[in-house]
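Numbering (this note's numbering), first residue to last: 243 to 309. Glycine residues also receive a C-beta, built at the ideal position from the N, C-alpha and C atoms. Because the structure is a prediction, the values reported are computed rather than measured. Presented below is the structure to which this report refers.
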């Protein structure tokens, strides 16, 4: 995993740990699938774009973006 995706993943994890779903003992996948996680939508989108850019040939040639 490139450094940029690692940073995006850690940012998403830190945001999710502040949510009530994780504080009550829910797993990360359960909390991400729940509908009430609007607070972390920016971090989730940044992580998605980073992972998607790994499959994009144009990005492979130019390099990954830092989100």
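By the DSSP assignment, the alpha helix (DSSP H) with residue i in it spans what residues?
{"i": "residue 274", "result": "270 to 275"}
{"i": "residue 291", "result": "283 to 295"}
Which value, in whole angstroms, describes the spacing of the CA atoms of residue i and residue j?
{"i": "residue 273", "j": "residue 256", "result": "13 angstroms"}
{"i": "residue 291", "j": "residue 284", "result": "11 angstroms"}
{"i": "residue 266", "j": "residue 287", "result": "24 angstroms"}
{"i": "residue 244", "j": "residue 269", "result": "The predicted position of residue 244 is uncertain, since its pLDDT is 49 and thus under 50; a value taken from the coordinates is nonetheless stated next. Taking the straight line joining both Cα atoms gives about 25 angstroms."}
Report the option in the options whose CA atom is closest to the CA atom of residue i.
{"i": "residue 280", "options": "262, 293, 269", "result": "262"}
{"i": "residue 252", "options": "296, 304, 289", "result": "289"}
So what does DSSP say about residue i, is it helix, strand or coil?
{"i": "residue 261", "result": "coil"}
{"i": "residue 280", "result": "helix"}
{"i": "residue 266", "result": "coil"}
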